[in-house]
Amino acid sequence: MIERIKFLQNIALQLEPSSETRAALLEKIVRYADEFIENIYTIPAYVSTEDKGRGILDSPITENGAEIDSLIDLIQHNIDRPGLNPASGGHLGYIPGGGIYFSALGDYLAAIFNRYAGIYFAGPGAVRMEHMLLDWMSEIVGFPKTAGGNLTSGGSIANLIGIVAARDAQNLKAKDFDRSVIYLTAQVHHSVDKAIRIAGLKECILRYIPMDSNYRMDATLLERQIIADKKSGFNPFLIIASAGTTDTGSVDPLSAIAQISKQNNLWLHVDGAYGAFFVLCKDEKKILRGMEEADSLVMDPHKGLFLPYGSGAVLVRDKKKLFDSFRYQANYMQDALKAQDELSPADISPELTKHFRGLRLWLPLKLVGVAPFRAALEEKLLLARYFYDEIKKIEGFEVGPFPDLSVVTYRYVPKKGDAEKFNEMLVKEVQKDGRVFLSSTMLDGKFTLRLAVLSFRTHLDTINLTIQILKEKIHILQSH
Ligand SMILES: *Cc1c(COP(=O)(O)O)cnc(C)c1O
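Written as structure tokens, this is what we have:
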């Protein structure tokens, strides 16, 4: 047996590379990453390919390993080349972010040390760091000291956590579901609908409140609907508002909604996955006013703080509510439960073991401070307004409402022919070109183009280039 153990140990030791091997691997990985960053302002934002990265499948997982050079080639060709390049400043579709370098360094350390960020007993410093970051977020949005939260993988899970907390805090029982009412607008992110279903609430009544011409919830109609529902014997329990919708960047009238929510004892969940971090900009504080009165709030550092994907957050005004919904107990955890001067993330979220997400956010904030984030966010707002002004001046373009935040909606109306088809072709042409990436949506039944400015790498040049590309493509399409 000893012989067998030693034999196995010898093979298993490949899992622990020598310092020479580590240095050699690191050198190649860093060189590849550096090259990527050095070229980021010139490589395409979108590459359409026939193969769509399927080459990765031609290299199956096998008993024995391969050389790093060949693996970097595989990654380069199949992962980093085809499709959307979210690291590019030319990414102006959906909701961009970018992926700041400092976070990669934080992740590197987090992976090496592998601290256990789910349980205070195991990783007290890691848990304190997570809570310190959440306290900072609470502070910038104006939440009280009672607030607590969780660093999640993204906005979808953060929405789920908020909605589950609302369900339990409002003491909803399965027998009440089909007479309980949730208020929202047709512009809420689809992850909200998904979260409602996952939380078991699909039998609840969903009241889609009409919106004004800026795609913001009409607070007067909301109040009227709640009163009517109460009169009819329904159980209104939850309002879901948006601090920046994905489609148009619209911010619901949060102050008025918060007032209505309080008066009627509803839970107010605000989805600020896209927009909440704009609270760092002085001028935007006004439009976001009322956000600080939410019972739960979602904000995505992988959007508004430009972190790489995998970073969302949920804040709950009264952290006890989170504990009530997500606490756990298990015999094998008895040591951990004794050391409880700080709540463990596992007590207030669905996860137990989790990625140490704190470090990828803490390191950049500590290294460069908040000022560059604040500046970048204000720059994005102004770039969106600049685009709005410029595109409006070009004959043929129709614009949507003046942007609340950094999303602009617009479409081109050709003198002859079908505007729907034309815009569909226009967005396809821009995507095929690839220098920038734009996405589209349907607004009031019309095919509409969007410009979403939120990559930290998007600057004035990018916007001017986008305008130039749009003009070029329109010219080409019209000369056919
Ligand atoms: C992006 C987004 C979400 C979903 O967040 P993920 O991080 O993609 O899971 C939810 N709500 C809004 C408003 C968003 O923009």
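Heads up: the sequence shown at position 176 corresponds to 171 in our numbering, and the numbers run straight through without jumps. Where a beta carbon is used, it is the ideal one built from N, C-alpha and C, also for glycine.
7 Å Cβ shell around residue i - same chain, five flanking residues per side excluded
| i | result |
| --- | --- |
| M206 | T180, Q182, M212, D213 |
| L155 | A190, I193, A194 |
| I63 | L20, K23 |
| I152 | G307 |
Other residues of its chain near residue i: CB distance less than 6 Å, five sequence neighbours each side excluded
| i | result |
| --- | --- |
| E288 | A253 |
| L378 | V448, I458 |
| S256 | I234, L263 |
| G395 | T404 |
| M124 | G353, W357 |
| Y27 | I67 |
| A271 | A238, M294 |
Reference residue i; option with closest CA among the options
| i | options | result |
| --- | --- | --- |
| G94 | G305, E346, F318 | G305 |
| L477 | D130, E424, L455 | What is shown of the chain runs -4 to 475, which leaves residue 477 out entirely. |
| I221 | I(-3), E198, R174, D247 | R174 |
| T215 | G244, S250, K226, D242 | S250 |
| L20 | N230, I0, L66, I200 | L66 |
| D242 | S435, N418, K298, P55 | S435 |
| G157 | I177, V176, E134, L310 | L310 |
| I135 | I200, A153, K277, R202 | K277 |
| A169 | T453, N230, I107 | N230 |
| F417 | T37, G391, H126 | G391 |
| K466 | F451, G364, K387 | K387 |
| R184 | K226, D171, V246 | Per the sequence shown, the amino acid found at residue 184 is His instead of Arg. Comparing Cα-Cα distances from H184 to each of K226, D171, V246, the minimum goes to V246. |
| K316 | Q258, K225, G228, A164 | A164 |
Residue i burial status per 10 Å Cβ neighbour count (16 or more: buried)
| i | result |
| --- | --- |
| V402 | buried |
| S98 | buried |
| G118 | buried |
| N80 | buried |
| E218 | buried |
| A223 | exposed |
| A102 | Note that residue 102 is Asp in the sequence shown, not Ala. D102 is buried by the Cβ-count criterion. |
| S344 | buried |
| F301 | buried |
| G84 | buried |
| L10 | exposed |
| I107 | exposed |
| G480 | Residue 480 lies beyond the range of the chain shown here (-4 to 475); nothing can be said about it. |
| I177 | buried |
| I204 | buried |
Residue i - partner residues in DSSP beta bridges
| i | result |
| --- | --- |
| P231 | V176 |
| G157 | G157 pairs with nothing; no bridge assigned. |
| A236 | V265 |
| E393 | R406 |
| M294 | G267, A308 |
| G143 | V311 |
| I70 | Answer by DSSP bridge pairing: none, since I70 is not bridged. |
| G78 | V42 |
| H86 | F432 |
| L446 | V403 |
| V274 | Answer is none; V274 lacks a bridge partner. |
| M124 | None; M124 has no bridge partner. |
| I200 | V176 |
Contact set for residue i: own chain, Cβ-Cβ below 8 Å, skip 5 residues either direction
| i | result |
| --- | --- |
| G120 | R110 |
| A161 | F232, L233, W262, H264, D290, S291 |
| L356 | S98, G101, L128, L146, P296, L300, L302, S306 |
| L362 | F97 |
| E415 | K441, F442 |
| K314 | T141, A142, G143, G144, L338, I343 |
| Y381 | L455, I458 |
Nearest-angstrom Cα separation, counted from residue j out to residue i
| i | j | result |
| --- | --- | --- |
| E393 | Y89 | 20 Å |
| I114 | S339 | 5 Å |
| A40 | P77 | 10 Å |
| N73 | I51 | 6 Å |
| V42 | L433 | 13 Å |
| A370 | L283 | 18 Å |
| E198 | K427 | 43 Å |
| A82 | D384 | 26 Å |
| F273 | E373 | 8 Å |
| D68 | H470 | 38 Å |
| L376 | K280 | 13 Å |
| R430 | H86 | 9 Å |
| I56 | T348 | 26 Å |
| D413 | I389 | 19 Å |
| H350 | K1 | 33 Å |
| L358 | M132 | 15 Å |
| P248 | G285 | 8 Å |
| K269 | Q71 | Sequence inspection shows Tyr at residue 269; the Lys mentioned does not correspond to that position. Roughly 30 Å separates the two Cα atoms. |
| E30 | D53 | 26 Å |
| R17 | L104 | 14 Å |
| G267 | T44 | 34 Å |
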